[in-house]
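Following UniProt numbering, the residues of the sequence shown are numbered contiguously, the last one being 671. The beta-carbon is built from N, C-alpha and C at its ideal position, and this holds for glycine as well. Step one of this worksheet: look at the structure below.
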Amino acid sequence: MLVPKKYIYSLRKKYCFHLAKLVSVGLPFPNYFIILFFFQSQKPKNHSLVLYSSLPSLSYIFFFSPLMVFELRPFCPSLSPVTLTSEYTSNTSVSLYYHLHFHSIIGFLPLLFSRYLSFLFQALPACPIQATCEAASKEENKEKNRYVNILPYDHSRVHLTPVEGVPDSDYINASFINGYQEKNKFIAAQGPKEETVNDFWRMIWEQNTATIVMVTNLKERKECKCAQYWPDQGCWTYGNIRVSVEDVTVLVDYTVRKFCIQQVLKPQRLITQFHFTSWPDFGVPFTPIGMLKFLKKVKACNPQYAGAIVVHCSAGVGRTGTFVVIDAMLDMMHTERKVDVYGFVSRIRAQRCQMVQTDMQYVFIYQALLEHYLYGDTELEVTSLETHLQKIYNKIPGTSNNGLEEEFKKLTSIKIQNDKMRTGNLPANMKKNRVLQIIPYEFNRVIIPVKRGEENTDYVNASFIDGYRQKDSYIASQGPLLHTIEDFWRMIWEWKSCSIVMLTELEERGQEKCAQYWPSDGLVSYGDITVELKKEEECESYTVRDLLVTNTRVRLVIRQFHFHGWPEVGIPSDGKGMISIIAAVQKQQQQSGNHPITVHCSAGAGRTGTFCALSTVLERVKAEGILDVFQTVKSLRLQRPHMVQTLEQYEFCYKVVQEYIDAFSDYANFK
1 MLVPKKYIYS
11 LRKKYCFHLA
21 KLVSVGLPFP
31 NYFIILFFFQ
41 SQKPKNHSLV
51 LYSSLPSLSY
61 IFFFSPLMVF
71 ELRPFCPSLS
81 PVTLTSEYTS
91 NTSVSLYYHL
101 HFHSIIGFLP
111 LLFSRYLSFL
121 FQALPACPIQ
131 ATCEAASKEE
141 NKEKNRYVNI
151 LPYDHSRVHL
161 TPVEGVPDSD
171 YINASFINGY
181 QEKNKFIAAQ
191 GPKEETVNDF
201 WRMIWEQNTA
211 TIVMVTNLKE
221 RKECKCAQYW
231 PDQGCWTYGN
241 IRVSVEDVTV
251 LVDYTVRKFC
261 IQQVLKPQRL
271 ITQFHFTSWP
281 DFGVPFTPIG
291 MLKFLKKVKA
301 CNPQYAGAIV
311 VHCSAGVGRT
321 GTFVVIDAML
331 DMMHTERKVD
341 VYGFVSRIRA
351 QRCQMVQTDM
361 QYVFIYQALL
371 EHYLYGDTEL
381 EVTSLETHLQ
391 KIYNKIPGTS
401 NNGLEEEFKK
411 LTSIKIQNDK
421 MRTGNLPANM
431 KKNRVLQIIP
441 YEFNRVIIPV
451 KRGEENTDYV
461 NASFIDGYRQ
471 KDSYIASQGP
481 LLHTIEDFWR
491 MIWEWKSCSI
501 VMLTELEERG
511 QEKCAQYWPS
521 DGLVSYGDIT
531 VELKKEEECE
541 SYTVRDLLVT
551 NTRVRLVIRQ
561 FHFHGWPEVG
571 IPSDGKGMIS
581 IIAAVQKQQQ
591 QSGNHPITVH
601 CSAGAGRTGT
611 FCALSTVLER
621 VKAEGILDVF
631 QTVKSLRLQR
641 PHMVQTLEQY
651 EFCYKVVQEY
661 IDAFSDYANF
671 K
């Protein structure tokens, strides 16, 4: 990559080291990359920056070339996002050398990218020099703006059809935004206020919008972020537009609502609202996986005939801008094999102020693009699973691995965040861990009430795990140790977990795998909690025990499903038993309420992760006819270390899903 000499010289001392670090981790490929920072001399006239790759061709690096260029773009706006050279001359001298494996990228990303991307974010242009906001600033329109500093520009604002006799009724706080090679693909809008809901629906109708993307919750931190502009059920009239709710589907990261809208004497229209619910009150999502799935669904469902997609958060700039940029850059990536985040954000900021509002959002865009680039789209239709399995058992040219082994290799490369296991690593808690390599992360560890007068008694080795339809669907726990049985039952009681899935025997190969935490008959007390065995029933591959749990006269009925089909070594010979127990647990959940399902083996990772993965995947297969084993397991591993621990267990997930699909003659039976 050749860079104008004056910029290299002026930046050399201050930025070159960071730039080289950034470049070195910005090329995610299954080989080692060598980054060379060349200087022919200390004089500015001879400076140049060259990338040398160990791969046979540089064609593979087109996507991430902007990671080399964006650092200089604020200082050199005309610099192409893909100006590359592979020429290597012998009269150059190496001043910086990096040799990094691509599997380390995710670990290095927060450390090396974030600070430098934040620097770049600060260099983004704020607004066009000549832009005006006269319509938004009118006295009659001030109450229509949620925030006084987020106003649409006159040249790009959405104009409503004026209402006769109502001055300035053409105004709404919304702006047209270009997509990738598509003019006015989006309308970026603020979240409606109570007094602007009617205007919002007028805009939807007049712009022939078929898709609404909502990237905020109605309330966050007890503050109203957006008025509810739809009825919970039935129908409601907003101005002269009647809106009725036809269907609602709630999933773990987002909710899909289908509305039927109608203006007087006009044909009905179907509107789909995609409401992303996993954006935290502070910062950005922990992982971009949910956003990428969400965006894919939006893309697939928006009709070709429809008008602009309306995207809104609260102000209509931060999260809204983030969504728009990811959408556009994915399109650019697929078309041109490159991205230009800095350039695109600069352009849409000329259409609406502060699009992509924080440096964290800017970094999140790159995390999403990197996630997609590294792993791609791994979703499968149920009808294509058999073909996919045949394909992944083939050897990959140039390697000794087949496709399945390569998939699992990517999963094992995900860095375990040891620095985020503070509580589990406290000296007082170390003895409560069965396996020291499997400790819950802080962000999702299960917390139990502190015992009065005793410190460090809120810890149990267990993690909340998201399911298909809701967050914290499971509690992945280690098998209790003898001295942690009381903590285990305190956890069950605190979180009202009415279903326990046990995937290990008490002893295997002469080693204790789990302490017996229930009575063989009668009742046993564990601290303030009493457990009584009420019923025990043997099924084909598992035992069902009904346990009455009492704590200070309050009672809770717990059902334990003890699976016996897992051999001491390896995996079950078939998936029949696993499919059966998953169905039994889901049936129990429907009867007992939607409290977390506690799942444990010995360490709470391998078999536990396999059960959680299969339960989640099969639920999606039934609902959508789609599966994604890879991303499901990846998500589990981001929530708890070593979930689905072995290649055998990973392969078992695929085999069980195929066995489940084969049990039905057609997709209709999944319902």
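- The C-beta of Pro167 has fewer than 16 other C-beta atoms within 10 Å across all chains shown, which makes the residue exposed.
- The alpha carbon of Met578 has as its nearest neighbour, out of Ser346, His562, Glu624, the alpha carbon of His562.
- Bounds of the beta strand (DSSP E) holding Gly179 are 171-179.
- For Trp230, there is no enclosing alpha helix (DSSP H), as DSSP gives it neither H nor E.
- Closest in alpha carbon position to Ser477, among Asp340, Arg607, Thr616, is Arg607.
- Residue burial is scored here from C-beta neighbours: Cys127 has fewer than 16 other C-beta atoms within 10 angstroms and is therefore classed as exposed.
- His483 counts as exposed, since fewer than 16 other C-beta atoms from the protein chains shown sit within 10 angstroms of its C-beta.
- Sequence-distant partners of Tyr474 (beyond 5 residues in either direction) whose C-beta falls short of 7 Å from its own C-beta, in its chain, are Ile465, Gly467, Pro596, Ile597, Val599, Cys612.
- For Glu407, the number of other beta carbons within 10 angstroms of its own is at least 16, and it is reported as buried.
- With contacts defined as CB atoms closer than 7 Å, His564 and Ser541 qualify as a contacting pair.
- Three or more beta-carbon pairs separated by less than 8 Å are not found between the segment 161-180 and the segment 215-222, which leaves the two stretches without contact.
- Secondary structure note for Gln122: its alpha helix (DSSP H) is the uninterrupted segment 114-122.
- Within the DSSP secondary-structure output, Asp472 pairs in no beta bridge.
- A residue is called buried when at least 16 other Cβ atoms come within 10 angstroms of its Cβ; Tyr342 meets this threshold and is buried.
- When Pro519, Arg146, Lys183 are compared, the shortest CA-CA separation from Pro192 is found for Arg146.
- Residue pairing for Leu533: DSSP places it in a beta bridge opposite Leu547.
- Excluding sequence positions up to five before and after Ala306, its CB lies within less than 8 Å of the CB of Asn208, Thr209, Ala210, Thr211, all in the same chain and listed in chain order.
- Rounded to the nearest whole angstrom, the CA to CA distance from Glu505 to Gln511 is 10 Å.
- The segment 294-301 makes no contact with the segment 127-142: fewer than 3 CB pairs, one atom from each, lie closer than 8 Å.
- Annotation: the continuous beta strand (DSSP E) that includes Cys260 extends over 254-263.
- In this structure, Val311 keeps its C-beta atom at 7 Å or more from the C-beta atom of Leu124.
- Distance from the Cα of Ala603 is smallest, within the candidate group Asp521, Ala584, Cys514, for Cys514.
- A contact is defined here as three or more CB-CB pairs under 8 Å, and the segment 418-437 fails this definition with respect to the segment 620-627.
- For the pair Thr378 and Gln631, the CB atoms are nearer than the 7 Å cut-off.
- Excluding the 5 residues flanking it on each side, Asp331 has same chain C-beta neighbours closer than 8 Å at Gly179, Tyr180, Gln181, in chain order.
- For Asp546 and Phe274, the gap between their C-alpha atoms comes out near 41 Å.
- In terms of CA proximity to Val501, Ala584 leads the group Ala584, Asp574, Asn429, Gln470.
- Between Cys498 and Leu548 a beta carbon distance of about 12 Å is seen, past the 8 Å cut, so the two are scored as non-contacting.
- With a beta-carbon spacing of about 13 Å, Val324 and Gln354 fall beyond the 8 Å limit used to define contacts.
- Around the beta carbon of Val450, a 10 Å sphere encloses fewer than 16 other beta carbons of the protein chains shown; the residue is thus reported as exposed.
- Taken in chain order, the unbroken stretches of alpha helix (DSSP H) that lie wholly in the UniProt domain "Tyrosine specific protein phosphatases" (292-363) and span 4 residues or more are 318-336, 341-349.
- Sequence-distant Cβ neighbours of Ile414 in its own chain, meaning closer than 8 Å and more than five residues away, are Ile106, Lys634, Arg637, Leu638.
- Membership of Leu638 in the alpha helix (DSSP H) is indicated by the continuous run 629-639.
- For Leu404, the enclosing alpha helix (DSSP H) begins and ends at 403-412.
- Beta bridge pairing from DSSP links Asp247 with Lys258.
- Sequence-distant Cβ neighbours of Glu194 in its own chain, meaning closer than 6 Å and more than five residues away, are Ala227.
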